[in-house]
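Worksheet: one structure, shown below.
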Amino acid sequence: MSKKVTVKDQTVDVAVASALKQLEATRDQVHIDVIQEERKGFLGFFSRQAIVAVSLKDEQPSEDLIQEAEPANEFEVDKDEHVDPIMATQEYLQTIIDEMGIEATVGVESKKDRDVWFDIHGEQLAMVIGKRGQTLNALQQLAQLVINQVTKKYYVVMVDAEGYRGRRKETLEQLAIRMAYKAKTSGTPVQLEPMPSFERKIIHHILQRYKGVNTESRGNEPHRHVRITPRTNASVPNK
Numbered sequence: 001m002s003k004k005v006t007v008k009d010q011t012v013d014v015a016v017a018s019a020l021k022q023l024e025a026t027r028d029q030v031h032i033d034v035i036q037e038e039r040k041g042f043l044g045f046f047s048r049q050a051i052v053a054v055s056l057k058d059e060q061p062s063e064d065l066i067q068e069a070e071p072a073n074e075f076e077v078d079k080d081e082h083v084d085p086i087m088a089t090q091e092y093l094q095t096i097i098d099e100m101g102i103e104a105t106v107g108v109e110s111k112k113d114r115d116v117w118f119d120i121h122g123e124q125l126a127m128v129i130g131k132r133g134q135t136l137n138a139l140q141q142l143a144q145l146v147i148n149q150v151t152k153k154y155y156v157v158m159v160d161a162e163g164y165r166g167r168r169k170e171t172l173e174q175l176a177i178r179m180a181y182k183a184k185t186s187g188t189p190v191q192l193e194p195m196p197s198f199e200r201k202i203i204h205h206i207l208q209r210y211k212g213v214n215t216e217s218r219g220n221e222p223h224r225h226v227r228i229t230p231r232t233n234a235s236v237p238n239k
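Its first residue numbered 1, the sequence shown is counted upward by one per residue in UniProt numbering.
Dropping the structure here:
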């Protein structure tokens, strides 16, 4: 029977238990070397299993065995300067797209200072975008979480799918003007549907130039929304 084993499993305790069973020994009869501790990872990414080298006490663990079992430390979840946060986030997005069964690729469309723009190209992009961009917004939120997890530098992430963001921006601007006109002519506030912060900013920005209304964000995420309120004694603008 072998006097030493190396086991890889979900946790150190599980790996040790497996090794003890193989050696038919108890903890006080063995040397235990933890080669690699488990890591839960982040959102299903960057995880790794534990690796232990266990040997009976009458035989010291081999350095060669430990060296051979030690894996490369790829995609450290700690904020490591050796990890490219943009590439790691791109790979994470690609993994999600692949698991969705969609034939598409994720590329880095542009990078300027702290702004990073990922673009998804391929087929079945309606599934990637979702109703009113909800799926795309969820992917963007995940990408933001991932990139913040792997670097100390703060990035602002945008995820697009073949021009959807531009089309959505135009739609929101038109909606803002219509609802501002409605609020102003009716004299009553208008509440828009909940939307993410970057879309609310589009509403606020376009209506800064629209005389006669005020805008404010109300509520808590994910139900935070824009409220358009008419100013008193304001005339209806030319459209």
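Note that CB positions come from ideal geometry on N, CA and C, so glycine has one too.
Within the same chain, Cβ atoms closer than 6 Å to the Cβ of P230 are found at A183, K184, G187 and V213, the five residues on either side in sequence being excluded. One alpha carbon belongs to H204, the other to L93, and they sit about 30 Å apart. It is roughly 37 Å from the alpha-carbon of V54 to the alpha-carbon of N148. Counting along the chain, the unbroken beta strand (DSSP E) around H121 starts and ends at D115 to G122. Proximity to V5 across T11, L23 and V157 peaks at L23, based on C-alpha coordinates. For V213, the enclosing beta strand (DSSP E) stretches over residues V213 to R218.
Under the Cβ criterion (8 Å, minimum of three pairs), the region 127–136 does not count as touching the region 172–181. In this structure, V30 sits away from V12, with a CB-CB distance that is not shorter than 7 Å. Straight-line spacing of the CA atoms in D119 and V190 works out to 33 Å. In the three-state DSSP reduction, R27 falls in the helix class (H, G or I). The three-state reading of DSSP puts T229 in strand, counting E and B together.
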